[in-house]
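The numbering of the sequence shown is my numbering, which starts it at 542 and goes up by one.
Note that the Cβ used here is the ideal one computed from N, Cα and C, for glycine as well.
Structure record follows, encoded as structure tokens.
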Amino acid sequence: MIKQITSFEEYKEAYKQSIQNPEQFWGDIADSFTWKKKWDNVLSWDFEKPEVKWFDGAQLNITENCLDRHLAERGDKTAIIWEPNDPKDDVIKLTYKELHQKVCSFANMLKNNGAKKGDRICIYLPMVPELAIAALACARIGAVHSIVFAGFSASALSSRINDATCNLVITSDGSYRGTKTLDLKSIVDEALESCSTIEKSLVLKYTNGAVTMKPNRDVWIHEELTKVDNNCPAEVMNAEDMLFILYTSGSTGKPKGMVHTCAGYMVYSTFTFKNVFQYEEEDVYWCTADIGWITGHSYIMYGPLANGATTLMFEGVPTYPDGGRFWEVVAKHKVNQFYTAPTAIRALEKQPIEMVEKHDLSSLKVLGSVGEPINAEAWHWYDDHIGKNNAPIVDTWWQTETGGIMISSLGGVTPQQPTFATLPLPGIQPVLMDAEGKEIKSQEAEGRLAIKFPWPSMARTIYGDHKRYKETYFSAYANKYFTGDGALRDANGNYRITGRVDDVIIVSGHNLGTAPIEDVINEHDDVVESAIVGFPHDIKGSALYAYVILHDNVEGNDELRKEINNQISQAIGPIAKLDKVQFVSGLPKTRSGKIMRRILRKVAANEFDNLGDISTLLNPEVVEEIIGGVLV
Ligand code: PRX
542 MIKQITSFEE
552 YKEAYKQSIQ
562 NPEQFWGDIA
572 DSFTWKKKWD
582 NVLSWDFEKP
592 EVKWFDGAQL
602 NITENCLDRH
612 LAERGDKTAI
622 IWEPNDPKDD
632 VIKLTYKELH
642 QKVCSFANML
652 KNNGAKKGDR
662 ICIYLPMVPE
672 LAIAALACAR
682 IGAVHSIVFA
692 GFSASALSSR
702 INDATCNLVI
712 TSDGSYRGTK
722 TLDLKSIVDE
732 ALESCSTIEK
742 SLVLKYTNGA
752 VTMKPNRDVW
762 IHEELTKVDN
772 NCPAEVMNAE
782 DMLFILYTSG
792 STGKPKGMVH
802 TCAGYMVYST
812 FTFKNVFQYE
822 EEDVYWCTAD
832 IGWITGHSYI
842 MYGPLANGAT
852 TLMFEGVPTY
862 PDGGRFWEVV
872 AKHKVNQFYT
882 APTAIRALEK
892 QPIEMVEKHD
902 LSSLKVLGSV
912 GEPINAEAWH
922 WYDDHIGKNN
932 APIVDTWWQT
942 ETGGIMISSL
952 GGVTPQQPTF
962 ATLPLPGIQP
972 VLMDAEGKEI
982 KSQEAEGRLA
992 IKFPWPSMAR
1002 TIYGDHKRYK
1012 ETYFSAYANK
1022 YFTGDGALRD
1032 ANGNYRITGR
1042 VDDVIIVSGH
1052 NLGTAPIEDV
1062 INEHDDVVES
1072 AIVGFPHDIK
1082 GSALYAYVIL
1092 HDNVEGNDEL
1102 RKEINNQISQ
1112 AIGPIAKLDK
1122 VQFVSGLPKT
1132 RSGKIMRRIL
1142 RKVAANEFDN
1152 LGDISTLLNP
1162 EVVEEIIGGV
1172 LV
């Protein structure tokens, strides 16, 4: 199977080889996969265009690597453990054999309903096994899945369906989250009112909620499955064929459909899963993310399954039925590797410590963190109370765009350092850039984080908009991928990510572009203009603070705050809700009309000193007013 690095020395050697001879390094790793045809060329790249190809000429199907190749040796091993929202409900365990059969049946059902290779299929499902099965079934037949997190609103869903011109959507009657039951089907119905490309909507019967089925469009999955068998040969895919599209927010209102391709993504997610988490054959691994995010794609589904691992899918939330649920699940399934987000750690840290202590966490071997910088307090709480100072923490820095973990320690193998993601993984060549756009050569430094060499799982483009891909990631610095993050590097080469340097705010580990939210606020009839910044929040890491200018005759009050937030929930989803809304008469602007967000950020954080030189502003007087009205 995949090469495992088991000592710091081995890591250093692997890293050196990966830099000196990347093609040999990745070629050797790729050799351990199942290919229908091997590659002609390991890597060709040009960051000017930008164009990157890994394993070009090779042919494969990722599902053969995630499923078929395990059948002989691990057919009866549990592939997926599904833990329901309600702990009183039954756990589902699917062996590799069962998962294989289910994926094949689902794939045949997709074909029966008109799906073909190359089609884009939108998946809008709760965290049930069928979510993974549906995604793998798409991959089986060469269709491109576009999974939309089932907490997004109808309008966010329709814009994603339209952007990718999906012809099928897969959903369910409803979903459970904690004490809530959500009516997913009616959200889809509303979304489809403005989607002309959808021909079929395949509906999973799950909560048994009342739904309206539209004739000739909506079909029940359980009925359709009775019409097919479970024999479905895997479609032959070229290495650089699209595997999936996953949307992430950016600095304009339009979400970016990041395109990931088959071979490089598979090789990198598999290699990094094995090494970062130091997964061993009998281990039970749990990542608490939703499959609707990249973390779930790479480290619930593809990476673990390609390694033949047992991966746990959790439908619920960390606080239902109580704040000890995560730890209860760890104890119940004897989880060995546990991977979550700092925002969850901070929330659970606030619970009475008995919530942790009443559960046996001795199975834990490696703890992971992802999605935002982990503050020292949360890091130590995680280490002391969850890992009992005996389970190394991997602080994994990466992005939807990178497809896999880029900077992280390898659990227990390379040194950890609180609040530092630490060292780049083999094949990753990070650089820090200074304000003039030059690479900082000194070891100890702080700057903007860029990557100067391709890695196998990088997104190849933005679906339908290669120009935007180039502008967003390859125009800040010549010949380098720009991450949008700031970082510092210590004397030993360890990286600490300091946060976004662009207009993206990370709230509870979710990436939120300011522009799309501002667009929604500005659509409110009473609003003239708005600006959003992040401010430090105990649990969420950052929360949203909005400065809103209203029309002259309108009074800013809580009612209006509520209306604005409802509008945001409708247009984007509850994750983008504003924590604070301050009504102002103006926004500080430069003479060229650009909003000075730096000032707004400082005020929202109650840092009123060092606002910098405000005399060059077009309207310096407004700063005083804003400080006067700040919401604390
Ligand atoms: O700012 C970084 C932050 O999350 C961003 C990527 O968000 P997204 O595409 O949603 O993917 C999240 C899961 C991979 C990054 O640009 N981020 C992610 N991991 C870390 C982090 N910031 C600090 N430390 C991390 N470990």
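Three or more C-beta pairs below 8 Å linking the segment 806–821 and the segment 556–575: Segment contact: the segment 806–821 against the segment 556–575, three or more CB-CB distances shorter than 8 Å; contact assigned.
C-beta contact flag for THR960 and ALA991 at 8 Å: Not closer than 8 Å, so no.
For VAL685 and ILE662, believed in contact at Cβ under 8 Å, the rounded distance: For a cut-off of 8 Å, the C-beta gap from ILE662 to VAL685 is around 7 Å, short enough to register as a contact.
Heavy atoms of ligand 1 versus C-beta positions, residues under 7 Å: With the cut-off at 7 Å, the residues found are THR789, TRP834, ILE835, THR836, SER910, VAL911, GLY912, GLU913, PRO914, ILE915, ASP936, THR937, TRP938, TRP939, GLN940, THR941, GLU942, ALA962, THR1024, GLY1025, ASP1026, ILE1038, GLY1040, ARG1041, ILE1047, GLY1050, HIS1051 and ASN1052.
Nearest candidate by alpha-carbon position, reference GLU890, set VAL593, TRP922 and LYS657: When each option's Cα is compared against that of GLU890, the closest is TRP922.
Buried versus exposed, by CB contacts within 10 Å (16 or more), PHE1149: Only exposed fits PHE1149, as fewer than 16 other CB atoms lie within 10 angstroms of its CB.
THR1002 versus PRO1161, PRO995, LYS1011 and ARG887, residue with shortest Cα-Cα distance: Closest option to THR1002, judged by alpha-carbon separation, among PRO1161, PRO995, LYS1011 and ARG887: LYS1011.
Boundaries (first-last residue) of the beta strand (DSSP E) holding PRO1077: For PRO1077, the enclosing beta strand (DSSP E) stretches over residues 1068–1078.
CYS707 versus CYS736: straight-line alpha-carbon distance, rounded: As the crow flies, the alpha-carbon of CYS707 is around 9 Å from that of CYS736.
Under the three-state DSSP convention, the category ILE711 falls into: Three-state result, ILE711: strand.
Same chain only: Cβ atoms within 7 Å of ASP617, ignoring 5 sequence neighbours per side: Around ASP617: THR636 and LYS638.
Three-state secondary structure (DSSP) of HIS801: Three-state result, HIS801: strand.
Assigned secondary structure, TRP920 (DSSP; H/G/I helix, E/B strand, else coil): Of the three classes helix, strand and coil, the one that applies to TRP920 here is helix, per DSSP.
Cβ distance (whole Å) where ALA1000 is taken to contact VAL800 below 8 Å: By a beta-carbon distance limit of 8 Å, ALA1000 contacts VAL800. Their separation comes to about 6 Å.
Proximal residues to HIS926 (C-beta, below 6 Å), its chain only, five neighbours per side dropped: Correct list, in chain order: VAL897.
Member of LEU1128, ASP587, HIS1051 and PRO591 whose CA lies at the smallest distance from the CA of PRO1115: That would be HIS1051, whose Cα lies nearest to the Cα of PRO1115.
Where the alpha helix (DSSP H) containing ARG1139 begins and where it ends: 1138–1145 is the extent of the alpha helix (DSSP H) around ARG1139.
Cβ pair PRO855, MET974 closer than 8 Å: The question names Pro, but residue 855 in the sequence shown is Phe. No Cβ-Cβ contact shorter than 8 Å links PHE855 with MET974.
Touch test, the segment 862–880 against the segment 817–837, Cβ-Cβ under 8 Å, three pairs minimum: These segments touch.
Alpha-carbon spacing of ALA555 relative to TYR1014, whole angstroms: Using only the alpha carbons, I get a separation of about 27 Å.
Helix, strand or coil at PHE961 [DSSP, three-state]: Of the three classes helix, strand and coil, the one that applies to PHE961 here is strand, per DSSP.
For CYS645, three-class secondary structure by DSSP: For CYS645, the three-state secondary structure derived from DSSP is helix.
HIS900 (DSSP reduced to helix, strand or coil): For HIS900, the secondary structure class from DSSP, reduced to helix, strand or coil, is coil.
Same chain, Cβ closer than 6 Å to ILE543, five either side skipped, listed in chain order: SER573, THR811, PHE812 and LYS815, listed in sequence order.
Residue of THR748, HIS763 and ASN1147 minimising C-alpha distance to LYS643: Ranking THR748, HIS763 and ASN1147 by CA distance to the CA of LYS643 puts HIS763 first.
Beta carbon proximity, ASP631 to chain B, threshold 8 Å: No chain B is part of this structure, which consists of one protein chain only.
Rounded C-alpha distance that separates GLY692 from SER727: In this structure, the alpha-carbon of GLY692 lies about 13 Å from that of SER727.
Among CYS679, PHE818 and VAL1068, the one whose alpha carbon lies nearest that of THR955: Nearest C-alpha to THR955 among CYS679, PHE818 and VAL1068: PHE818.
Stretch-stretch touch, CB-based, cutoff 8 Å, three pairs: the segment 965–979 with the segment 926–936: Taking 8 Å as the limit for Cβ pairs, the verdict is that the segment 926–936 does not touch the segment 965–979.
Distance CB(ASP597)-CB(ASP581) smaller than 8 Å: Yes; because the gap between Cβ atoms is below 8 Å, this pair is in contact.
The segment 1101–1114 in contact with the segment 1125–1135 per 3-pair CB rule at 8 Å: By the criterion of at least three beta-carbon pairs nearer than 8 Å, the segment 1101–1114 is not in contact with the segment 1125–1135.
VAL876 to LEU666 span [Cα, whole Å]: Roughly 25 Å separates the two Cα atoms.
Where the beta strand (DSSP E) through ILE969 begins and ends: No beta strand (DSSP E) contains ILE969, which DSSP labels as neither H nor E.
Bridge partner(s) assigned by DSSP for LEU635: The partner list for LEU635 (beta bridge, DSSP) reads ILE621.
Segment limits, alpha helix (DSSP H) that includes SER1110: SER1110: member of the alpha helix (DSSP H) spanning 1099–1112, first to last residue.
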